[in-house]
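Presented below is the structure to which this report refers.
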Amino acid sequence: MSYHTDIVQAALANTFFRKVLYTTERTQLVLMCVAPGEDIGEEVHHLDQVLIFVAGRGDYVLDDARGQVGPGSAVVVPAGTRHNFINAGDEPLKLYTVYAPPEHADGTIHKTKAEADAAEAEHHAPAAAAPPRRAPIPAPRGLTVGSLLGQ
């Protein structure tokens, strides 16, 4: 299947922090809306990401590089790049982004950054610790199953 939309209008209309629009085996199309004073959150992916900004003003951090983004800005974040995007204005920073390969579960919607942070923490939480394994109790010397059964 394929997907078609007016992506700029979809991004402008989006009010969710993160909304996955479409996912294939190799790519994913996601809308984002970052509230004034918030950021996407510093992160490093093991995938490539392309971000296109359609509204608002923001600052970017790409490893040690810093700069500004606004409507019409495109930023390519290669795998392994530490990055963050911060809303530096007084209106929502709206964008769409393409991950290659996909980063989020298909259909993911995080209404707020707090909701996204909680989901991310849960996703990356260490597995519950397994109960400690008990060391096997050594059998007393000279005893066998047969001797214990009187044989």
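Numbers given in the numbering used here equal positions in the sequence shown, counted from 1, plus 60. We put the beta carbon where it would ideally sit given N, CA and C, even for glycine.
- Between Val80 and Thr141, the C-beta gap is not smaller than 7 Å, which leaves the two residues out of contact.
- Taking all protein chains shown into account, His106 has fewer than 16 neighbouring C-beta atoms within 10 Å of its C-beta and is therefore exposed.
- It is roughly 11 Å from the alpha-carbon of Tyr120 to the alpha-carbon of Ser133.
- Residue pairing by DSSP places Arg126 opposite Val121 in a beta bridge.
- Annotation: Ala71 to Val94 spans about 11 Å, alpha carbon to alpha carbon.
- Within a 10 Å sphere around the beta-carbon of Pro162 sit 16 or more other beta-carbons, which makes this residue buried.
- Looking from the CA of Val90, the closest CA among Val104, Asp150 and Leu155 belongs to Leu155.
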